[in-house]
Amino acid sequence: MRKVLESRAQQDEERMGKLEEELKGARNQAEDADKKYDEVAKRLAQVEGELERAEERAEVGEIKIVELEEELRVVANNLKSLEVSEEKANQREASYKEQIKTLSAKLKQAEARAEFSERSVLKLQTEVDRLEDELVGEQEKYKAITEELEQ
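Heads up, our numbering is the position in the sequence shown plus 1443, with the first residue counted as 1.
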């Protein structure tokens, strides 16, 4: 009986050691996930800034388009010149819209990465909590066995 308890105690100690190593690994993973999340959050802030600047450029472009349209009404006698100006304005508008589209896509990607990182952190934290609870349970079992052996 004593050998069985000693064997169990040794197995429990080995298991606790393994669990502690797994806990260390889970904590490292959680720290890595936190670092990745911080990087993604920083990139998201950059993309948001770029999006804001692109929107400002688009507004400036739209204002220029309005000005060009007014100029077209004023300078009706120079039709060929006005057609060239209008075409250029339309190209700039398309370019601004494309830039906004590209930045929006980048923003969505950054948000998706941030969301994935958040979910990963939550999963890892849940795993850490579960492992800690399991470790506490095993420590209590070990303590009970130790006390039983001492009696």
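The beta carbon of each residue, even a glycine, is placed where N, CA and C say it ideally should be.
Checklist line | Cβ neighbours of L1546 in the same chain (closer than 8 Å, five flanking residues each side left out) | finding: Only V1490, E1493, L1494 and A1497 meet the Cβ criterion.
Margin query: Restricting to Cα atoms, I'd like to know which of E1529, E1499 and R1500 is closest to E1510.
Written below: If we check each option's Cα against that of E1510, E1529 comes out closest.
Margin query: Taking 7 Å as the threshold (C-beta atoms), are I1588 and A1488 in contact?
Written below: Going by beta carbons, A1488 and I1588 fall outside the 7 Å limit.
Next item on the list: Could you check what DSSP says for Q1594 in three-state terms: helix, strand or coil?
Entry: Here Q1594 carries a coil assignment [DSSP, helix/strand/coil].
Check: If you draw a straight line from the alpha carbon of G1460 to that of E1558, how long is it in whole angstroms?
Finding: When the Cα atoms are used, G1460 and E1558 turn out to be separated by approximately 33 Å.
Margin query: Across the segment 1568-1579 and the segment 1462-1481, are there enough close Cβ pairs to call them in contact, namely three or more that are closer than 8 Å?
Written below: Under the 8 Å Cβ criterion, the segment 1568-1579 counts as touching the segment 1462-1481, having at least three qualifying pairs.
Check: If you scan the segment 1446-1495 from start to end, which runs of the alpha helix (DSSP H) of 4 or more residues do you find wholly inside it?
Finding: Scanning the segment 1446-1495 for uninterrupted alpha helix (DSSP H) segments of 4 residues or longer gives nothing; none is fully contained.
Next item on the list: Identify, in the order they occur along the chain, each residue of the same chain with its Cβ nearer than 8 Å to the Cβ of V1564, setting aside the five sequence neighbours on each side.
Entry: Exclusion of the five residues before and after V1564 leaves A1473, A1476, D1477 and Y1480 as the residues of its chain whose Cβ lies within less than 8 Å of its Cβ.
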